[in-house]
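Engineer: Structure incoming, see below.
In my numbering, the protein residues as written are 1 to 140.
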């Protein structure tokens, strides 16, 4: 039987409201040991911000991360997954869209999980370099 997105996703992804400052988001990302945050409008996912987005789209542009909010730098054109989709569809979507993360949403657009390129590397070939790196304990 083919594995589904539910089998490989990280559950309970970090999700914050659009008005959250970048400093608050960065602290939450550090505390949850993740490199991204889903952007919410009420309970619905409307975007994503990565640690790289904070650096490239805000800090490097001279914006004050204590005053800049997630909505100002988020990627809004999201491709998402459902939990019941085959893992192969997640791989195909990542390749087609050239993205490293895909949110997993329910029918109402609420976040259920996230699938990263590392999750798929571990799923497809745990002995690969990316699979091993993705499974390694983080440096602190």
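Note that the Cβ used here is the ideal one computed from N, Cα and C, for glycine as well. These numbers were taken from a predicted model, which means no experiment stands behind them.
DSSP three-state call for residue 31: helix, strand or coil?
Structural biologist: helix
Engineer: Rounded to a whole number of angstroms, what is the C-alpha to C-alpha distance between residue 35 and residue 51?
Structural biologist: 5 Å
Engineer: Have a look at residue 31 and residue 25 and give me their C-alpha separation to the nearest angstrom.
Structural biologist: 10 Å
Engineer: Grouping DSSP H, G and I as helix and E and B as strand, with all else coil, what is residue 58?
Structural biologist: helix
Engineer: For the alpha helix (DSSP H) that residue 185 lies in, which residues bound it at each end?
Structural biologist: Examination of residue 185 is not possible in this model, given that the chain is present from 1 through 140 alone.
Engineer: Looking only at its own chain, which residues have a Cβ that is under 8 Å from the Cβ of residue 45, when we skip the five neighbours before and after it?
Structural biologist: 15, 38, 39, 78, 80, 103, 105, 109, 110, 111
Engineer: Measure the alpha-carbon distance for residue 100 versus residue 114 and round it to whole angstroms.
Structural biologist: Spanning the two alpha carbons is a distance of roughly 10 Å.
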